[in-house]
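A short worksheet on the structure shown next.
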Amino acid sequence: MSERRVHRVIQWGTGNVGFHSLRHVIRHPDLELVGVHAHGESKIGKDAAALCGLSEETGVIATNDVDALLALDADVVAYTVKAETRPHEVVPELERILASGKNVVSTSMIFLIYPKHADPSMREPLEKACSIGGSTFYVNGIDPGFSGDVLPLTALQLSDQVEEIRVQELCDYSTYEDPEFTGVSFGFGRPADYTPPMALPGVLRAGWGGMVQLVADELGIELDEIHESFDRRYAEKAFDTPMMHVPAGTCAAVRFILEGRVKGRPVVVTEHVNRLRGDIAPDWPMPPDGRPGVHRCIIKGNPDVQLECFVLGEDGDHNTGGVQATALRVLNAIPAVCEHAPGLISTLDLPYTPSRNLIRPD
Ligand SMILES: NC(=O)c1ccc[n+]([C@@H]2O[C@H](COP(=O)([O-])OP(=O)(O)OC[C@H]3O[C@@H](n4cnc5c(N)ncnc54)[C@H](OP(=O)(O)O)[C@@H]3O)[C@@H](O)[C@H]2O)c1
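With numbering that gives the first Met the number 0, letter number 181 in the sequence shown gets 180, and the count goes up by one each step, no holes.
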């Protein structure tokens, strides 16, 4: 178990995930917020509490002054900046942070969930920065992340003679208010002749292939290929959601699948079904019991094993729960990451990293 002490945190990014990350850092007895990086003009100069809907001021003021932030005495940066669309800016920024000696726990740069799988052009400069700074870099989230590492590796502990490991995110995204990134990259609300970034060859493999490769490596099997497929369904009539207006004839549901294959047979599979309304594409896999979402792992083996994970946020919404869980997956890892030897690490390098923030009965 990692040493129990207070860790000093800089929150870098205050969007969907950063909002919740900030709330958890501020309220966590073992974490001390010492700095906040914001990008938007309207956020700079504001108290951290104001950026995450808390009423009690923290005295920590958001800034975009990187030198000032890196001069702070901090153990770790919680990095939740929009990254996958701007790696040419993000990799140099992460290099600076890591070379300055700060550890980084990140939900950004999902390509680096399993560093071994990542493109060397991203991995190598960050490895160098870690060795200069003596720092450690860990990327995770709920999916990609938890659903593709802890969930299958836990389920596999109960099985034998394994034929297939399938990880699913089946989730109604209608309340996920992220039209600019999730909306655009999945192609929601766009017609069939729009090719969303995620449908471009290699993009799914870069983002989600790491979790397929990680499980294959733990099984000790060599994959011949990671095959990707991307499918869409369209709205018959227009409808509105908190995410966006969906015009008739535009994309209202997405299904993508990555299959880690051996001799043509899928062995390690990651599947997403994301709808903007629960009744679209009823023939695709559904969450159980009328629920809006599930992260599920199905092991076909002897015996078969199925694990299901449901998250619900502090506002009662499953998408908020997913975003909170994404932030907490890396925040809860802070003690273990700070104790780890320098370098780029994955979940395989860490012990269990449970929350230790127990609300004690009065
Ligand atoms: N693995 C998972 O389960 C999972 C789940 C959700 C998200 N994620 C990842 O987590 C990251 C954050 O997601 P999100 O939903 O929080 O994104 P978001 O809501 O778009 O927020 C992104 C943040 O990036 C900042 N930003 C945007 N453009 C910038 C620029 N040009 N320079 C500097 N900062 C910039 C924004 O700053 P301002 O607000 O100050 O403008 C905002 O704080 C993404 O990389 C996403 O892929 C992973």
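Glycine residues also receive a C-beta, built at the ideal position from the N, C-alpha and C atoms.
Short note on E258: C-beta not closer than 7 Å to any heavy atom of ligand 1. Judged by DSSP in its simplified three-state form, H87 adopts helix. Counting along the chain, the unbroken beta strand (DSSP E) around S228 starts and ends at 224-233.
Shortest Cα-Cα distance from T174 to any of Y137, P291, W11 involves P291. When secondary structure is reduced to three states using DSSP, C129 falls in the helix class. In this structure, the straight-line span from the alpha carbon of R122 to that of L343 is close to 8 Å. DSSP places E162 in the coil class of the three-state scheme, outside both helix and strand.
Nearest C-alpha to E338 among Q10, S20, V104: V104.
Ranking V268, G182, C170 by CA distance to the CA of D148 puts V268 first.
Exposed is the label assigned to T153, since fewer than 16 other Cβ atoms lie within 10 Å of its Cβ.
Under the three-pair Cβ rule at 8 Å, the stretch 113-131 counts as touching the stretch 201-214.
Here T79 is actually not in contact with G144; their C-beta atoms are around 13 Å apart, not less than 8 Å. With respect to the C-alpha of A191, the residue from H226, H244, F255, T249 having the closest C-alpha is T249. Here L150 is actually not in contact with L125; their C-beta atoms are around 26 Å apart, not less than 8 Å. Here N102 is buried. Its C-beta has 16 or more other C-beta atoms within 10 Å.
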